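Using my numbering, the first residue of the sequence shown is number 4, and each one after it goes up by one.
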Amino acid sequence: MQYDPKTEKVPKTQLFITPPLINKYYILDLRENNSFIEWATDQGHTVFVISWINRDAKLGNGPLNYNI
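Following this line, the structure appears as C-alpha coordinates:
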(Lines of atoms letter the chains of each structure in order from A and count residues from 1; the text may use other names and numbers.)
(Lines give C-alpha, C1' and ligand atoms only; values in the text may rest on other atoms or scores of the structure.)
Protein backbone atom coordinates (compact mmCIF):
# COMPACT_ATOMS: atom_id res chain seq x y z
CA MET A 1 0.00 0.00 0.00
CA GLN A 2 1.22 3.51 -0.74
CA TYR A 3 0.03 6.68 0.97
CA ASP A 4 1.01 9.92 -0.73
CA PRO A 5 2.20 12.98 1.23
CA LYS A 6 -0.27 15.79 1.85
CA THR A 7 2.31 18.56 1.51
CA GLU A 8 4.18 20.05 -1.43
CA LYS A 9 7.57 19.78 0.29
CA VAL A 10 8.48 16.10 0.58
CA PRO A 11 11.47 14.69 2.52
CA LYS A 12 13.91 12.56 0.54
CA THR A 13 13.51 9.65 2.97
CA GLN A 14 10.33 7.59 2.65
CA LEU A 15 8.75 5.42 5.34
CA PHE A 16 8.41 1.66 4.79
CA ILE A 17 6.33 -0.11 7.45
CA THR A 18 6.34 -3.87 7.90
CA PRO A 19 3.59 -4.94 10.31
CA PRO A 20 3.84 -8.32 12.08
CA LEU A 21 2.38 -11.30 10.21
CA ILE A 22 -0.40 -11.56 12.81
CA ASN A 23 -1.65 -7.99 12.21
CA LYS A 24 -3.28 -6.30 9.25
CA TYR A 25 -1.62 -3.32 7.55
CA TYR A 26 -4.11 -0.90 9.11
CA ILE A 27 -3.01 -1.67 12.70
CA LEU A 28 -1.42 1.81 12.82
CA ASP A 29 -4.50 3.44 11.33
CA LEU A 30 -7.44 2.15 13.40
CA ARG A 31 -8.96 5.34 14.80
CA GLU A 32 -9.75 8.64 13.16
CA ASN A 33 -7.55 11.47 14.48
CA ASN A 34 -5.21 8.90 16.07
CA SER A 35 -3.39 7.49 13.06
CA PHE A 36 0.36 7.22 12.57
CA ILE A 37 -0.02 6.98 8.79
CA GLU A 38 -2.20 10.09 8.68
CA TRP A 39 0.30 11.97 10.87
CA ALA A 40 3.24 10.90 8.68
CA THR A 41 1.53 11.96 5.43
CA ASP A 42 0.51 15.26 7.05
CA GLN A 43 4.24 15.81 7.75
CA GLY A 44 5.03 15.26 4.06
CA HIS A 45 6.22 11.65 4.13
CA THR A 46 5.41 9.06 1.50
CA VAL A 47 4.42 5.90 3.41
CA PHE A 48 4.59 2.34 2.14
CA VAL A 49 2.98 -0.49 4.15
CA ILE A 50 3.07 -4.23 3.49
CA SER A 51 -0.31 -5.95 3.43
CA TRP A 52 0.20 -9.65 4.24
CA ILE A 53 -2.10 -12.24 2.70
CA ASN A 54 -4.04 -14.70 4.83
CA ARG A 55 -2.70 -18.23 4.52
CA ASP A 56 -5.25 -20.76 3.36
CA ALA A 57 -5.30 -24.43 2.32
CA LYS A 58 -3.98 -23.49 -1.12
CA LEU A 59 -0.76 -22.22 0.48
CA GLY A 60 -0.43 -25.30 2.69
CA ASN A 61 1.43 -25.58 5.97
CA GLY A 62 4.93 -25.46 4.49
CA PRO A 63 7.59 -22.81 5.05
CA LEU A 64 6.68 -19.17 4.66
CA ASN A 65 7.71 -18.30 1.12
CA TYR A 66 6.81 -14.67 0.53
CA ASN A 67 7.77 -12.63 -2.47
CA ILE A 68 8.05 -8.91 -1.99
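A virtual CB, placed ideally from N, CA and C, is assigned to each residue, including glycine. Source: prediction; values computed, not measured.
Inter-residue Cα distance where the pair is residue i and residue j
i      : j      : result
Ile-2  : Lys-9  : Because the chain is modelled from 4 through 71, residue 2 falls outside the range shown and cannot be assessed.
Lys-15 : Asp-7  : 13 Å
Asp-45 : Ile-25 : 27 Å
Leu-31 : Ala-60 : 29 Å
Phe-34 : Leu-18 : One detail in the question is off: residue 34 reads as Arg in this sequence, not Phe. If you take the alpha carbons of Arg-34 and Leu-18, they lie about 20 Å apart.
Ile-40 : Val-50 : 7 Å
Trp-55 : Pro-22 : 8 Å
Residue interval of the beta strand (DSSP E) (run including residue i)
i      : result
Thr-56 : Contrary to the premise, residue 56 reads as Ile rather than Thr in this sequence. Where Ile-56 is concerned, there is no enclosing beta strand (DSSP E), given that its DSSP letter is neither H nor E.
Residues that DSSP places opposite residue i in a beta bridge
i      : result
Val-50 : Tyr-6 and Leu-18
Asn-37 : Arg-34
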